[in-house]
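Q: Residue numbers (this note's numbering): 4 to 223.
Heads up, the beta-carbon is just placed ideally off N, CA and C, and yes, glycines get one too.
Please see the structure below; I have some questions.
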């Protein structure tokens with residue numbers, strides 16, 4: 004598993020971002036210290052991200068437990084390909100997610116993507132390889148690289164929570180569209196991943212009522 008940035012590294016990046024961009028300074032001032040959200044990677048990590056989408060936390064835990072048990076504790080491309088889609092569905096997966104599990108496993112088996120050496124690819128190359136797999140969208144590829152590969156300069160511009168936090172930070176009326184969010188984040192290189200974590204942390208704190216937006220900014 005990749006080594007995530009430590010507290011000191013994140014703190015230094017946050018200070019740089021706050022000094023660079025007054026909008027992020029606002030978020031930085033209201034967001035407590037946080038850790039990098041690092042999760043297990045590889046095939047298993049990507050498959051689990053697919054399984055988690057549009058499912059409650061409680062349901063995911065139950066489904067994933069059944070998936071692991073159904074695969075005899077080995078969530079690997081080989082184990083998934085040795086079960087047909089109907090068998091995977093008996094573990095609690097939808098037909099679509101079972102098919103995506105097969106697609107990702109086959110991409111690895113066919114050499115389209117090598118999860119064992121994904122770190123050799125640049126962010127752009129890795130995103131291109133991942134999104135070439137049916138069922139893996141850009142947001143999934145980007146968040147996988149952030150959370151499962153520990154990449155520090157990936158920014159999922161299509162994330163609605165990030166877009167909303169960016170709207171608050173900029174005091175804007177409208178949430179930026181995906182293309183606009185990517186363009187806005189360019190100034191935060193090479194710490195766009197830290198900026199994303201910062202904005203997510205701020206977004207959560209505001210939504211929980213732990214901090215208030217300045218200047219009467221609207222949550223709507």
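(1) Excluding the 5 residues preceding and the 5 following residue 213 in the sequence, name in chain order all residues of the same chain whose CB lies nearer than 6 angstroms to its CB.
(2) For residue 73, collect the residues of the same chain with a Cβ closer than 6 angstroms to its Cβ; drop the 5 residues on either side in sequence, then sort them by chain order.
(3) In its own chain, which residues sit with a C-beta less than 7 angstroms from the C-beta of residue 88, not counting the 5 before and 5 after it?
(4) Can you tell me the Cα-Cα spacing of residue 189 and residue 22, whole angstroms?
(5) Would you check if the distance between the CB atom of residue 156 and the CB atom of residue 113 is smaller than 8 angstroms?
(6) Count the other CB atoms, across all protein chains shown, that sit within 10 Å of the CB of residue 146; report buried if there are 16 or more and exposed otherwise.
(7) Would you call residue 76 buried or exposed, if buried means 16 or more other Cβ atoms sit within 10 Å of its Cβ?
(8) Here's the rule: buried if 16 or more other CB atoms are within 10 angstroms of the residue's CB, otherwise exposed. What is residue 47?
(9) Determine the direct distance from the alpha carbon of residue 51 to that of residue 144, and round the result to whole angstroms.
(10) Taking only beta-carbon positions, decide if residue 123 is within less than 8 angstroms of chain D.
(11) By Cβ distance, which residues of its chain are closer than 7 angstroms to residue 187, with the 5 residues on each side in sequence left out?
(12) Looking at residue 135 and residue 121, is the spacing between their C-beta atoms short of 8 angstroms?
(13) Determine the contact status of residue 164 and residue 148, defining contact as a CB-CB distance below 8 angstroms.
(14) Hey, how far is the Cα of residue 26 from the Cα of residue 201?
(15) Distance, Cα to Cα, residue 28 vs residue 20?
(16) The alpha helix (DSSP H) spanning residue 18 covers which residue range?
(17) State the Cα-Cα distance for the pair residue 96 and residue 217, rounded to the nearest angstrom.
(18) Find out if the Cβ-Cβ distance for the pair residue 150, residue 41 is shorter than 8 angstroms.
A: Here's the rundown:
(1) none
(2) 94
(3) 98, 101, 102, 105
(4) 15 angstroms
(5) no
(6) buried
(7) exposed
(8) buried
(9) 13 angstroms
(10) The chain inventory of the structure shown lacks chain D, comprising one protein chain alone.
(11) 169, 179
(12) no
(13) no
(14) 12 angstroms
(15) 7 angstroms
(16) 10-23
(17) 44 angstroms
(18) yes
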